[in-house]
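One structure is given below, encoded as structure tokens.
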Ligand SMILES: [Cu+2]
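Right, here's the structure in full:
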């Protein structure tokens, strides 16, 4: 009896997270007109300053053995915040509007980077 209820709940939770992921993936495919790559390596974002065209999807990949995050400094302008990225984990964000967007790693706040969209 209780096992049946538990199974139903875990099925619901799994279905919800899969659906949420699908919506994000579709939104990024529609919006992105190009791609940019930033590696996280040796406690640095590389390149630390990336310039892309509007509509570009920027993907960060953690090449370190340490967990890192990618968090926007000015959350009122463009809010983005990754989860803790383990080795080889990726985080992507589509930059739609021109501007200069600073970000940092919330685990190691001295790690900073900028995406310039123009
Ligand atoms: Cu970090």
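In my numbering, the protein residues as written are 1011 to 1128.
C-beta atoms are modelled at their ideal positions from N, C-alpha and C, and glycine is treated no differently.
Keep in mind it's a predicted model, so treat the numbers as computed, not measured.
Given the structure, does residue 1083 come close to ligand 1, in the sense that its CB is under 6 Å from one of the ligand's heavy atoms? No, the Cβ of residue 1083 stays beyond 6 Å of every heavy atom of ligand 1.
Beta bridge counterpart(s) of residue 1054 as assigned by DSSP: DSSP links residue 1054 through a beta bridge to 1051.
Own chain, CB closer than 8 Å to residue 1058, minus 5 neighbours either side, in chain order: Cβ within range, chain order: 1122, 1123 and 1124.
Given this structure, state the Cα-to-Cα distance separating residue 1128 from residue 1108, to the nearest angstrom. Inter-residue distance for residue 1128 and residue 1108 is about 5 Å (C-alpha atoms, whole angstroms).
If residue 1064 and residue 1105 are in contact, beta carbons under 8 Å, what's the gap, nearest whole angstrom? About 7 Å separates the CB atoms of residue 1064 and residue 1105; that is less than 8 Å, so the two are in contact.
How would you label residue 1087, buried or exposed, when you count the other beta carbons within 10 angstroms and need 16 or more for buried? Around the beta carbon of residue 1087, fewer than 16 other beta carbons sit within 10 angstroms, so the residue counts as exposed.
Can you list every residue whose CB sits closer than 5 Å to some heavy atom of ligand 2, going in chain order? The ligand content of the structure shown is limited to ligand 1, which means ligand 2 is not among them.
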